[in-house]
């Protein structure tokens, strides 16, 4: 039996752009064990995105699914959304319940055993060690969990799953953006683990709500739809928002829609009607009214001022060179 060496590796990753202008990577020198990682009963890989030193993914396993054994090479946050995980970490069994996460660090031997009686969906966020500041490494190893995964850390994870909505910027900016999100997610998790404060029942409900909104904001959603996704009644959901000092569910839904809309206005030339449709507004008029209430300008005026500011900054940079 071949002995697995417990040491990190360095793979050459060459970022390039394809014919559509999207960034892809040519990866050289990846060890064979990484290419043939043992996975059993994977039903669907929802997402797997490599951006420089970070990787984020989401996968669904059938009952009895497994992953490993393997040696961990990164700082990897694993989150169980549905089902459960029994993890053997250096031979020690650790159970990770639904809506909980665990932080895994380089150099440890892992074997994942997912629920034998139900499907298990989990996400992960990984950072190569060389991209983690030296002063953080020892801190991260001290606060592994598992702990409930909800609130801000869940929102950060969902943000990391989204692709940028425009032509990709230079690789350094693109990769830096996602590295920042990954570091923020993992550090927020470690802070929660260090504090030892568990999320309240209301926070868990709101975490489910925000996960649903982040994925379905473009659909025609009612309060009943959002409450059903969070697993509670409309009255319970409204009460949970009040108890945590949060805006109403529909206000939070429109905040997400407007956040995406501002990205599309700034970064694309799409029409107001098209942006309204992509962000879940019933009409361009409805979108324009909501946008002006939030930002004090119409979408067209806001875009014009944003582009003028960007052009002036670019011209100033060119003249200063």
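In my numbering, the protein residues as written are 46 to 366. No residue lacks a Cβ here, since even glycine has one placed at the ideal position from N, Cα and C. Since we're looking at a predicted model, the values are computed, not measured.
Annotation: residue 216 to residue 100 spans about 15 Å, alpha carbon to alpha carbon. Here residue 114 is exposed. Its C-beta has fewer than 16 other C-beta atoms within 10 Å.
Assignment of residue 308 by DSSP, reduced to helix, strand and coil, places it in the helix class.
Per DSSP, the unbroken alpha helix (DSSP H) holding residue 181 starts and ends at 179-187. Taking residue 311 as the centre and dropping the five residues before and after it, the same chain places the C-beta of 351 closer than 6 Å to its C-beta, in chain order. Annotated three-state conformation of residue 171 is strand, per DSSP. Residue environment for residue 96: buried (at least 16 other C-beta atoms within 10 angstroms of its C-beta). Linking residue 228 to residue 309 through their CA atoms gives a straight-line distance of about 25 Å.
In the three-state DSSP reduction, residue 262 falls in the coil class, being neither helix nor strand.
Residue 110 carries a strand assignment under DSSP once its states are collapsed to helix, strand and coil.
Following the DSSP letters along the chain, one finds residue 206 inside the alpha helix (DSSP H) bounded by residues 197-206.
Here DSSP, grouped into helix, strand and coil, assigns residue 102 to strand. Rounded to whole angstroms, the gap between the alpha carbons of residue 269 and residue 251 is 14 Å.
In this chain, residue 97 is not harboured by any alpha helix (DSSP H), its DSSP state being neither H nor E.
Residue 135 sits exposed, since fewer than 16 C-beta atoms from the chains shown fall within 10 Å of its C-beta. The DSSP-derived three-state label of residue 230 is helix. Residue environment: residue 246 is assigned as exposed (fewer than 16 neighbouring CB atoms within 10 Å of its CB, all protein chains considered). Relative to the Cα of residue 294, the nearest Cα in the group 258, 223, 194 belongs to 258.
By the neighbour-count definition (other C-beta atoms within 10 Å, threshold 16), residue 330 is an exposed residue. C-alpha of residue 263 to C-alpha of residue 348: approximately 21 Å in a straight line. In terms of Cβ geometry, residue 126 and residue 256 form a close pair [threshold 9 Å]. Look at residue 146 here: in three-state DSSP terms it is strand.
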